[in-house]
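Contents: one structure, followed by commentary.
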Amino acid sequence: MATARYEVRVNGRLSERAQGAFGTMDVRPVPPQTIMFGELGGQSDLCDLLALCSAMGLEVVSVQRLPG
């Protein structure tokens, strides 16, 4: 399975508990948004991450695949 690094931006700031839901993703507040980035194991992992954002009521602003 090929891995890739992604950056996902959502509107708002996440509590520490909410940040913990994203496992190994690095979560950084950049008001008025929050940036999550890290390595995902493939398309299904990206879909799972986006589904989690949706389930938590987060508005996804952008998704970028990072070089490398």
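With the first letter of the sequence shown counted as 1, position 45 gets the number 45 in UniProt numbering; the numbers rise by one all the way through. C-beta: ideal position from N, C-alpha, C; glycine also.
query                                                                                                                                                                       : result
Output needed for M25: all residues of its chain with C-beta closer than 6 Å, excluding positions within five of it in sequence on either side, in chain order.             : M36, G38
Going by DSSP in three states, E59 sits in which element: helix, strand or coil?                                                                                            : coil
Please give me, in chain order, every unbroken run of the beta strand (DSSP E) with length at least 3 that falls completely inside the region 7 to 56.                      : 26 to 30, 33 to 40
Assess contact between the region 1 to 18 and the region 55 to 63, defined as three or more Cβ pairs (one per stretch) separated by less than 8 Å. Is contact present?      : yes
Leaving aside the five residues before and after G20 along the sequence, list all residues of the same chain whose C-beta is less than 8 Å from its C-beta, in chain order. : none
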